[in-house]
Structures are given as C-alpha cells and as structure tokens.
Amino acid sequence: MAALLSEEVEEVGRLQRSSQRQTDYFAEQLERDDAKRAKQHNHPTTTATTTTEVLNDASMGNAVAASREDDSEMLDQQQTNMQGTVAEPSELQPALTSEGGENSPAVFVDEAMVSAVWAKFVNMNLIESGPVNQQADDTGEFLYPDVYDQVTGRTLEPGLLAKARSEELGYIRKYGVYRKVPFEQAKARTGRPPIRTKWVDLDKGDAEHPAYRSRRVAMEVKKSWQATAFAGTPPLEALRFLCSLATSLSAENTEADPLCLSFLDITRAHFRAPATRELYVEIADEDQVAGEPRMCGELLMSMYGTQDAAQNWERHYTRFLVGLGFVAGMGSACLFVHTARGIRIDVHGDDFTSLGRENELLWLEAEFKKEFEVKTQGILGPKPHHSKSARVLGRLVTFTDQGLEYEADPRHAEIMVAECGLAFPGRAITPGVNRPRQEKESAKLTAADATAYRSISMRGQYLSADRPDISFSTKELARSLQQPDEEDWRALERLCSYLSAHPRLVWHFDWQQQPEHFTMFTDSDDAGCLKTRSSTSSGHLVHGQHLLKHYSSTQKQLSLSSGESEFYAAVKAASVGLGAVNMAEDLGFSLGCAIGSDASASISLTSRIGHGKTKHIHRNFLWIQQRVREGLITIFKVGTADNPSDLGTKHLSQQVMQHLLSLLNLHFATGHNTLALKAQLG
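Residues in the sequence shown are numbered consecutively from 1, following full-length UniProt numbering.
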C-alpha cells in the first residue's frame with residue numbers, strides 16, 4: 001500500500017522532470033535559432049517581440065526561468081526587452097506568417113525557421129522514441145526523454161540509453177537482419193501490414209555498474225500454439241549437475257587435470273539464425289531516412305519477438321555443435337556431449353555452460369569465436385590461474401578450496417522486501433507458520449493490493465527454485481493468487497520479513513567421489529490443507545552430497561490415508577528421479593536412481609505388483625511398481641528426522657529447518673557477495 005503511494009509520487013515527479021527537460025531543450029534551441037536569424041538579417045536579439053517569446057510563452061509558460069545556468073544571462077536579457085501579445089499554440093502559425101496587421105504588428109517573421117522549429121515541437125509529442133534522424137544533444141535527453149527500465153520501472157539515463165539503442169541498430173545492420181523495402185510491399189505480399197516493433201530497454205547492472213541493454217523486438221501476436229515454433233529449455237538441475245561433476249573426483253576428473261567450467265554468452269544470438277518465413281516488420285524511427293518514403297524491413301535473419309525466433313536459433317546452434325562433433329541429447333535437445341573431447345554443454349537460450357578439461361574448453365571457445373561474437377567469463381576451476389567466480393542465469397557461482405558455491409541472485413529478496421513495505425523487517429526466524437482453522441473468512445484484498453500480492457508472490461516463487469527453505473511458503477502463497485485475502489497478505493509479510501533476515505542461502509558443492517546413482521528423497525503431509533484437505537508432495541534430488549533439485553507441490557487427488565499420500569509423493573519422486581537419469585545419459589553418464597521414503601506403507605505399495613487392498617488407486621500410478629521390479633529404481637527407508645524432504649511439506653521450527661538444510665549442505669551467509677549486483681529500487 002505504501003508502494004502504491006510511492007508510485008503516484010514517482011509518476012508526478014516523472015512528469016515534472018519530463019516537462020523540465022523539454023523546456024530546457026526548447027529554450028536553448030530557440031535561443032540559438034534567434035541568434036542565428038538575427039545575425040543573418042542584421043537584427044539584434046533585443047528587437048521587438050521575438051520568436052523566442054512567442055514559442056516560450058505559448059507552449060511553455062515561464063519555462064525560460066528554469067533553463068540551464070549557462071543560458072540564463074542571455075534569456076534574462078531577452079525577457080527584459082520582450083514586448084507584444086502572447087499567441088496561443090493554435091494561433092501561432094497565422095500570427096507568424098502575417099506580414100503585418102493586428103495579429104502580430106511587432107513580430108519579426110522568418111517563416112522557414114518557425115516552421116522547422118514548430119515541426120520539432122510537434123514531433124516531440126507524436127513520435128514515441130524521439131524525432132526521426134534528429135541529432136540529440138550531448139546528454140541524449142532530446143532523443144530519449146523519460147524511457148523506463150522494463151523490469152524495475154526506473155528512469156533510464158538518456159545518454160547511456162542512446163548508446164545502447166545505437167549499438168542495437170549497429171548490430172541489425174552488421175548482421176543484415178532485414179532489408180528495407182517499401183511499406184506497401186508487406187501488405188501486397190502477406191495481406192497485412194508489417195509486424196509492429198518496439199524498444200525493450202533495461203539495465204542489467206546496478207547503480208554502480210550500469211549495463212544498459214536495448215532490443216528492437218517484434219510484436220508478433222501468438223494466435224495459437226504451434227508445435228512447429230517450439231524451442232526447448234534445459235532443466236535447471238542440468239546446470240547444477242555440471243557444477244556437481246566439476247567437484248566430483250573420478251578417473252576423468254583428477255587433481256592434476258581437473259574438470260573446469262566455461263560460460264559463453266552469444267551476442268545477439270537470434271540475429272545469427274536465418275529467417276524461415278517471409279516476415280515484414282516495422283523498422284525503428286532512427287533507421288528511417290528523412291525525406292524518403294517510409295520503409296519496412298523484410299526479415300533475412302530471425303528477430304526477437306517473432307514466434308519462431310527461438311526455434312530458428314536452436315536449429316542454428318545445434319547444426320553448429322553437431323558439426324564440431326557433439327551429440328544432442330534425447331531427453332533434452334539443449335544438452336550436448338562430445339565423447340572424444342570429454343565436453344558437456346548445457347544451452348539456455350544464448351548462454352552456453354560447458355564442462356571439460358581446460359585445453360578442451362579453450363578449443364571450444366576458439367571454435368565459437370570463429371562463428372559468433374562471444375562474451376566469456378574465463379575458465380572457472382580450482383587451479384590458481386583459473387577464474388574463481390561467474391554469473392550464470394543470474395546465479396552466482398564461486399570456486400573455493402572446499403569446492404564450489406552456488407547461490408541465487410540476492411536482488412530478488414531485496415526487491416520483495418522493499419515492495420512489501422514492512423514496517424519492521426528482519427524479525428521472522430522462519431518463512432511461515434501454520435494457520436489456525438478460521439470460522440470466518442478474512443476480508444479480500446483491494447484490487448491494487450491483490451496486484452501487489454501477485455507480483456511479490458510470483459517473484460518469491462521464482463526465487464524458491466534456489467531457496468528450498470521457502471519452497472513450501474511460496475507454494476502456499478501461490479494457491480491464493482486468484483482472490484488473496486488479508487491473511488494471505490500477512491503470510492506474505494512473514495515471508496518477506498524472513499528474507500530480510502536471511503537474504504542469502506548458499507549451496508555448497510564440496511569435493512566428493514563420483515557417486516554411482518542419484519538419490520531422491522520424498523515425503524508428504526497428509527491432508528495438510530485445512531480448507532481442501534489436500535496433501536503436499538515434497539522431493540529433493542541429490543548427487544552424492546550435492547543438491548540438484550527440490551520441489552513442493554499440492555497433490556491433485558485426495559488421499560484416504562497417510563500411506564496413500566506418501567505413495568503419490570513417491571510416484572512423483574520416481575518421475576523426477578528417472579528424468580535425472582535421462583539427463584545424465586544425455587551428458588554421457590550412466591547413473592541409477594534410489595528413492596528414500598520414511599513411510600513403510602508407501603515402500604510396501606511401490607515394491608509389490610498390483611493394487612492389493614488399495615483398489616481405488618488408479619492404475620496410471622502403478623507404473624512405479626514395474627520400474628522397481630525392473631531394477632531401474634530402488635527404494636530404501638530413511639528416518640523421519642533425517643528426511644530432508646520434510647522441508648517442503650509444512651512450516652517447520654527454526655531448529656528442524658536448519659538441521660534439514662545442513663543435511664543438504666545448504667548454509668545461510670551474511671554480508672554481500674562481491675559478485676552480486678544491488679537491486680535498483682524505486
């Protein structure tokens with residue numbers, strides 16, 4: 001609620017700043033034009049009513065008084081000598097074009113100059129991103145006034161923004177993304193006008209280290225889902241699996257010749273993939289040529305925002321990697337292995353995370369640089385000359401003497417705490433508490449508060465992928481997205497207070513011997529929801545001592561007993577475990593899967609064949625019995641106190657939660673990671 005008031009104040013301030021910048025610009029521009037005109041016609045700037053007076057008074061009121069210091073003296077002199085009537089904007093053109101008469105008896109007229117200046121004023125109001133082919137001032141404020149970060153909503157600095165947009169247009173020309181054709185050709189060829197485009201601007205850095213990025217993005221409407229436009233995304237556990245392999249000693253990974261990590265980022269990846277459809281797009285105003293008919297662009301390469309851009313890029317890099325000797329995965333087409341060179345790659349969009357020996361990774365980097373423009377963060381490894389830290393997919397990865405550390409981007413927690421507007425943050429010792437059963441429903445949130453609730457909750461849901469301690473809390477908050485009430489808001493405040501006190505949770509991938517199988521821990525909370533009596537499934541996938549994946553989810557079917565809910569949880573765990581086995585095979589490893597449960601009834605049901613007495617259980621859940629019989633999955637008993645999956649089933653005490661986190665080798669950290677960026681808060 002406090003955030004909404006802050007937004008209104010910020011909006012008022014934004015409008016004031018926008019008006020002031022336009023005022024300053026026109027005051028300077030018109031002053032220069034007056035001086036030039038007076039010089040050409042041998043008239044001093046101290047003659048009767050000037051064009052500067054008319055335009056300033058008509059469109060900006062007292063703006064001259066607020067102009068920049070370096071022009072104040074000249075403008076004061078002009079104001080001292082100004083006389084005559086004030087014209088309204090609608091009267092400006094007739095007044096200026098009259099050679100005499102009652103409209104403007106004392107106005108000196110320069111029709112060409114006035115028309116040009118007035119055209120600039122009109123363009124400022126009609127053109128979204130600034131005048132076409134207009135020279136910006138030194139700060140870029142004229143060309144790009146008040147453009148906002150698409151993520152944070154903060155006003156972007158005009159000079160850096162102008163540079164970022166210019167760089168984007170440079171890449172469009174460099175890679176021949178489109179060829180300019182007459183605007184009418186699009187409709188003649190396709191029966192519709194060109195696809196609209198827009199600028200997407202954001203700062204990927206922070207206030208101390210700005211990293212502006214501008215993209216010209218097509219706005220192709222996705223009318224229906226098409227399998228032909230599908231592009232895969234690898235599971236997040238694939239990245240963590242590579243981190244685990246880098247710190248798991250084996251015949252392939254020795255202290256003398258260790259496996260290292262490499263992070264390659266392809267610059268303007270989609271611009272490198274040829275277009276596969278005849279598409280026409282609007283081109284930016286900055287790319288139009290003044291005085292020529294308006295043009296559009298026929299795409300020759302893929303453009304961000306078109307339906308098949310991601311698939312075209314996937315097809316392009318797959319062809320490139322296969323040409324180098326890599327084999328694409330069957331379970332995930334985003335995973336690759338080069339058996340001869342011992343390189344594994346996880347591809348997430350334009351980010352390539354690779355595992356291999358140093359000399360092989362250097363070879364791979366050289367091959368990439370032959371084909372693409374690449375940004376690299378060096379070779380991450382244990383030796384002294386290796387890089388020790390990197391940012392990948394927003395996560396922070398650091399090599400230490402004990403192994404490797406991994407943590408979430410801390411900015412998400414900072415933003416959640418700030419947007420929640422806590423009066424006393426940092427007091428909660430756990431992310432949530434069990435709610436008592438209420439006889440009376442709590443009041444629903446207002447529309448504005450409900451929107452804020454959804455925004456903060458979904459950011460928390462994204463953060464929970466790297467924070468097992470909050471996975472159950474964020475899952476419960478997400479269940480109330482449709483109609484959140486005041487109790488839900490208090491639960492959200494509790495979570496944000498906890499994150500304020502515990503902003504960092506570090507995953508430790510300590511050195512270990514290469515395991516022979518994955519371990520999947522599973523647990524459930526039978527009928528834990530007091531409203532629906534639904535149960536919760538929780539699971540944690542580990543590779544030796546390294547956590548790779550976790551989840552907390554509400555079971556869709558109601559259970560008749562705790563044993564049945566534990567069985568459903570085991571079925572989900574088996575599915576996740578077999579997915580991990582397939583992921584390992586895609587990367588050239590053959591590993592088994594073991595499932596640990598603390599429920600004897602669940603172990604009994606998964607280890608036999610058929611329903612037994614539980615004939616109401618649908619047969620589509622019984623496939624796990626066959627996998628256990630085939631030996632693809634093994635089941636073992638784990639003590640309740642030492643089952644880490646209890647984390648995702650319910651709210652726990654601080655002592656129990658910290659014990660289970662330590663079993664997963666997760667530990668809270670204080671201070672600020674030197675690699676982390678700071679959140680830019682409004």
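The C-beta atom is built at its ideal place from N, Cα and C for all residues, glycine as well.
If you're wondering where the values come from, they're calculated on a predicted model, not measured in any experiment.
Q: Have a look at the DSSP bridge pairing and note the partners of Trp-199.
A: Residue 199 sits at position 199 when you count from the first residue of the sequence shown. Answer is Arg-216.
Q: Would you mind sorting Phe-336 into buried or exposed? The rule is 16 or more other CB atoms within 10 Å of its CB.
A: Position 336 of the sequence shown holds residue 336. Buried, since its Cβ has 16 or more Cβ neighbours within 10 Å.
(Q) Using a 10 Å radius around the Cβ and a threshold of 16 neighbouring Cβ atoms, would you call Met-219 buried or exposed? (A) By one-based count along the sequence shown, residue 219 stands at place 219. Counting the other Cβ atoms within 10 Å of the Cβ of Met-219 gives fewer than 16, which makes it exposed.
Q: Hey, could you find the ends of the alpha helix (DSSP H) Phe-472 is sitting in?
A: Stepping through the sequence shown from its first residue, residue 472 is reached at position 472. First-last of the alpha helix (DSSP H) with Phe-472: 471-478.
Q) Taking the alpha-carbon positions, what's the Lys-163 to Asp-449 distance? A) Along the sequence shown, read from residue 1 onward, the residue named residue 163 stands at position 163. Along the sequence shown, read from residue 1 onward, the residue named residue 449 stands at position 449. Cα-Cα distance, rounded: 37 Å.
Q: Compute the Euclidean distance between the alpha carbons of Pro-499 and Ser-389, then round it to the nearest angstrom.
A: Taking the first residue of the sequence shown as 1, we reach residue 499 at position 499. Taking the first residue of the sequence shown as 1, we reach residue 389 at position 389. Looking at the sequence itself, residue 499 is Leu, so the reference to Pro does not match. Distance between the alpha carbons of Leu-499 and Ser-389 is about 24 Å.
Q. How should Pro-503 be labelled, buried or exposed, when 16 other C-beta atoms within 10 angstroms of its C-beta is the threshold for buried?
A. Against the sequence shown, residue 503 aligns to sequence position 503. Buried: at least 16 other Cβ atoms inside 10 Å.
Q: Report yes if the C-beta distance between Gly-232 and Glu-167 is below 8 Å; otherwise report no.
A: Indexing the sequence shown from 1 puts residue 232 at position 232. Indexing the sequence shown from 1 puts residue 167 at position 167. Not in contact: Gly-232 and Glu-167 (Cβ atoms no closer than 8 Å).
(Q) Taking only three categories from DSSP, how would you classify residue 684? (A) Nothing can be reported for residue 684: it is not among the residues displayed for the chain, which extend from 1 to 682.
Q. What distance in whole Å lies between the Cβ atoms of Met-520 and Ile-595, which are believed to be in contact at a cut-off of 8 Å?
A. Within the sequence shown, numbered from 1, the residue matching residue 595 stands at position 595. Within the sequence shown, numbered from 1, the residue matching residue 520 stands at position 520. In this structure Ile-595 is in contact with Met-520, their Cβ atoms being roughly 5 Å apart against a cut-off of 8 Å.
**Q.** the stretch 561-575 touching the stretch 531-547, judged by at least three CB pairs closer than 8 Å
**A.** Result yes; three or more Cβ-Cβ pairs closer than 8 Å.
Q: Select from Thr-400, Lys-375 and Thr-376 the residue whose C-alpha is nearest the C-alpha of Pro-382.
A: As a working mapping, residue 382 is identified with position 382 in the sequence shown. The shortest C-alpha separation from Pro-382 is found at Thr-400.
Q: Can you tell me the Cβ-Cβ gap for Ser-597 and Thr-522, rounded? I've got them flagged as a contact below 8 Å.
A: Residue 597 sits at position 597 when you count from the first residue of the sequence shown. Residue 522 sits at position 522 when you count from the first residue of the sequence shown. For Ser-597 against Thr-522, the beta-carbon gap comes to about 5 Å, under 8 Å, which counts as contact.
(Q) Am I right that Leu-249 and Trp-511 are in contact with their C-beta atoms under 8 Å? What's the rounded C-beta distance? (A) Looking up residue 249 in the sequence shown gives position 249. Looking up residue 511 in the sequence shown gives position 511. About 7 Å; that satisfies the 8 Å criterion.
Q: Inspect the CB distances between the stretch 261-276 and the stretch 609-621 and report whether three or more fall short of 8 Å.
A: Too few Cβ pairs lie closer than 8 Å, so no.
Q. So, is Ala-211 buried or exposed, given that buried needs 16 or more other C-beta atoms within 10 angstroms?
A. In the sequence shown, counting from the first residue as 1, residue 211 sits at position 211. Looking at its Cβ environment, which holds fewer than 16 other Cβ atoms inside 10 Å, Ala-211 is exposed.
(Q) Less than 7 Å between C-beta atoms, sequence neighbours within five positions excluded: which residues of the same chain meet that for Val-151? (A) For the purposes of this step, residue 151 is taken as residue 151 along the sequence shown, with counting starting at 1. Around Val-151, the same chain offers Leu-202 as residues with beta carbons nearer than 7 Å, after the five sequence neighbours per side are excluded.
Q) Alpha carbon to alpha carbon, what distance is there between Val-147 and Met-295? A) Looking up residue 295 in the sequence shown gives position 295. Looking up residue 147 in the sequence shown gives position 147. Those two C-alpha atoms are separated by around 25 Å.
Q. From Ser-214 to Arg-165, what does the alpha carbon distance come to, in whole angstroms?
A. Stepping through the sequence shown from its first residue, residue 214 is reached at position 214. Stepping through the sequence shown from its first residue, residue 165 is reached at position 165. Looking at the backbone, the Cα of Ser-214 and that of Arg-165 are separated by about 5 Å.
Q) How would you call Leu-664, buried or exposed, if buried means at least 16 neighbouring beta carbons within 10 angstroms? A) Sequence index remark: in the sequence shown, residue 664 carries index 664 (1-based). By the Cβ-count criterion, Leu-664 is buried, with 16 or more other Cβ atoms from all chains shown falling within 10 Å of its own Cβ.
Q) Going by C-alpha distance, which of His-316, Phe-230 and Leu-548 is nearest His-517? A) The residue you call residue 517 lines up with position 517 of the sequence shown. Of the listed residues, the one whose Cα sits closest to His-517 is Leu-548.
Q: Let me know if residue 707 comes out buried or exposed under the rule of 16 or more other beta-carbons within 10 Å of its beta-carbon.
A: Not covered by the structure: residue 707. The range shown for the chain is 1 to 682.
Q: Could you name the residues of the same chain whose beta carbon sits closer than 8 Å to that of Arg-192, not counting the 5 residues immediately before and after it, in chain order?
A: Counting from one through the sequence shown, the residue named residue 192 turns up at place 192. So the qualifying residues of the chain are Ala-186.
Q.
So, for Glu-365: in the same chain, excluding its five sequence neighbours on each side, which residues have a beta-carbon less than 8 Å away from its beta-carbon?
A. Stepping through the sequence shown from its first residue, residue 365 is reached at position 365. Hits under 8 Å: Ser-262, Leu-264, Val-374 and Thr-376.
Q. Is the beta carbon of Val-221 less than 8 Å from the beta carbon of Glu-298?
A. The sequence position of residue 221 within the sequence shown is 221, counting from 1. The sequence position of residue 298 within the sequence shown is 298, counting from 1. One thing to note: Val-221 has its Cβ no nearer than 8 Å to the Cβ of Glu-298.
Q) By a C-beta neighbour count over all protein chains shown, 10 Å radius and 16 as the cutoff for buried, is Met-301 buried or exposed? A) Position 301 of the sequence shown holds residue 301. Classification for Met-301: buried.
**Q.** Residues of its chain near Ser-72, where Cβ-Cβ distance is below 6 Å and the 5 sequence neighbours each way are ignored
**A.** Taking the first residue of the sequence shown as 1, we reach residue 72 at position 72. Reliability of the predicted coordinates at Ser-72 is poor, the pLDDT of 41 falling under 50, and the value obtained from them is presented with this limitation in mind. Sequence-distant partners of Ser-72 (beyond 5 residues in either direction) whose C-beta falls short of 6 Å from its own C-beta are missing from its chain.
**Q.** Backbone secondary structure at Gln-513 - three-state DSSP
**A.** Here residue 513 corresponds to residue number 513 of the sequence shown, with the count starting at 1. Looking at Gln-513 - three-state DSSP - the assignment turns out to be strand.
Q.
Taking the alpha-carbon of Ala-465 as reference, which of Ala-443, Ser-480 and Ala-413 has the nearest alpha-carbon?
A. Taking the first residue of the sequence shown as position 1, residue 465 is located at position 465. Per the Cα distances, Ala-413.
Q: Return the bridge partner residues of Met-657 from the DSSP annotation.
A: By 1-based counting over the sequence shown, the position of residue 657 is 657. In the DSSP output, where bridge partners are listed per residue, Met-657 has none listed.
Q. First and last residue of the alpha helix (DSSP H) that includes Val-374?
A. Along the sequence shown, one-based indexing puts residue 374 at 374. Run containing Val-374: none in the alpha helix (DSSP H); it sits in the beta strand (DSSP E), 374-380.
Q. Hey, how far is the Cα of Arg-154 from the Cα of Leu-259?
A. Locating residue 154 in the sequence shown gives position 154, counting from the first residue. Locating residue 259 in the sequence shown gives position 259, counting from the first residue. So the two alpha carbons sit approximately 42 Å from each other.
Q: Please list, in chain order, all residues of the same chain as Gln-77 whose beta carbon is under 6 Å from its beta carbon, the five residues on each side excluded.
A: Taking the first residue of the sequence shown as position 1, residue 77 is located at position 77. Confidence is the limiting factor: at Gln-77 the pLDDT is only 42, short of 50, which leaves the residue's position unreliable and the question unanswerable from this model.
Q) Leaving out five residues before and five after Arg-216 in sequence, what residues of the same chain have Cβ atoms less than 7 Å from its Cβ? A) Taking the first residue of the sequence shown as 1, we reach residue 216 at position 216. Within the same chain, Arg-216 has close Cβ partners Glu-168, Ile-172, Thr-197, Trp-199 and Ala-284.
(Q) I'd like to confirm the pairing. Which residues does DSSP put opposite Pro-182 in its beta bridges? (A) Here the question's residue 182 lines up with position 182 in the sequence shown. Its beta-bridge partners are Met-295.
(Q) Using only the alpha-carbon positions, how far apart do Ile-470 and Gln-626 sit? (A) Locating residue 470 in the sequence shown gives position 470, where the first residue counts as 1. Locating residue 626 in the sequence shown gives position 626, where the first residue counts as 1. Their Cα atoms are separated by approximately 34 Å.
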